[in-house]
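Here is the structure we will look at, set down as structure tokens.
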Amino acid sequence: MNLYLFRHGIAAERSDKIHDAERPLIPKGQRRTRLVARRLQQIGLRFDVIMTSPFLRAQQTADILHEEGLGDLPIPLPPLAPTGEFARGMAWLQDWQQNHTTESNVVFVGHQPNLGHWAEQLLWGKVGDRLIVKKAGIIGIKLGNLSHSETNNELFLLTSPKWLP
228 MNLYLFRHGI AAERSDKIHD AERPLIPKGQ RRTRLVARRL QQIGLRFDVI
278 MTSPFLRAQQ TADILHEEGL GDLPIPLPPL APTGEFARGM AWLQDWQQNH
328 TTESNVVFVG HQPNLGHWAE QLLWGKVGDR LIVKKAGIIG IKLGNLSHSE
378 TNNELFLLTS PKWLP
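Residues in the sequence shown are numbered from 228 upward in steps of one, following my numbering.
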């Protein structure tokens, strides 16, 4: 099973006027995300499921992935919010893995540093603040059997948007 971790596109700056959860993608963020999505579609990538943080900027990013033909309508997954818990996200992923083929492609659309931390946990078993996902960037991890304590997960993709279009 392949897990893709996709960071939301460039969003409106933080401000006292708008709650963090409601910050939208700015036009440049929409364009860049769409370019990345088109490139992924051109190379034949398709997601079996698009899971997204409930925050607006991540939802808009996930919607673009859907609009560009990369998968069905996105489904909100609360553990993907900036305050989300890794264990809850992994529980969802284990359930998915047990009920679907080993060749499935799942994308989690979320936020940094969470996505980098989740990748580090899956790859090395601990967080080291070393993996950084750029806005509209993507990480791909080939997952072993998540129900085993010793699993061999493999990083196969780590790229920023400037390398895709």
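Glycine is no exception: its CB is placed at the ideal position from the N, C-alpha and C atoms.
- Measure from the alpha carbon of lysine 369 to the alpha carbon of each residue in Asp299, Ala285, Asn332, Glu295, then state which is nearest. Looking up residue 369 in the sequence shown gives position 142. Per the Cα distances, Asn332.
- Message: Does glycine 271 come out as helix, strand or coil in the three-state DSSP assignment?
- Response: For the purposes of this step, residue 271 is identified with residue 44 of the sequence shown, where counting begins at 1. Three-state result, glycine 271: coil.
- Going by CA-CA distance only, name the one from Glu240, Thr260, Asp243 that's closest to valine 336. In the sequence shown, counting from the first residue as 1, residue 336 sits at position 109. With respect to the C-alpha of valine 336, the residue from Glu240, Thr260, Asp243 having the closest C-alpha is Thr260.
- Query: Using the rule of at least 16 other Cβ atoms within 10 Å of the residue's Cβ for burial, across every protein chain shown, is proline 306 buried or exposed?
  - Reply: Along the sequence shown, read from residue 1 onward, the residue named residue 306 stands at position 79. A buried status is given to proline 306, since no fewer than 16 other beta-carbon atoms sit within 10 Å of its beta-carbon.
- Task: Out of Leu252, Leu384, Thr328, Trp319, state which residue places its alpha-carbon closest to the alpha-carbon of isoleucine 291.
- Result: Position 64 of the sequence shown holds residue 291. Per the C-alpha coordinates, the member of Leu252, Leu384, Thr328, Trp319 positioned closest to isoleucine 291 is Leu252.
- Task: Could you check which residue in Asp299, Leu350, Lys244 has the C-alpha nearest to that of leucine 272?
- Result: By 1-based counting over the sequence shown, the position of residue 272 is 45. The shortest Cα separation from leucine 272 among Asp299, Leu350, Lys244 belongs to Asp299.
- Query: Is the region 358-372 in contact with the region 303-317, if contact means three or more CB pairs nearer than 8 Å?
  - Reply: Fewer than three pairs of CB atoms, one per stretch, sit closer than 8 Å, so the region 358-372 makes no contact with the region 303-317.
- Output yes or no for whether 7 Å exceeds the beta carbon distance between leucine 373 and glutamine 321. Numbered from its first residue, the sequence shown carries residue 373 at position 146. Numbered from its first residue, the sequence shown carries residue 321 at position 94. Their beta carbons are under 7 Å apart, which means leucine 373 touches glutamine 321 by this criterion.
- Go ahead and label serine 280 buried or exposed: buried means 16 or more other beta carbons lie within 10 angstroms of its beta carbon, across all protein chains shown. Position 53 of the sequence shown, counted from the start, is the residue given in the question as residue 280. Residue environment for serine 280: buried (at least 16 other C-beta atoms within 10 angstroms of its C-beta).
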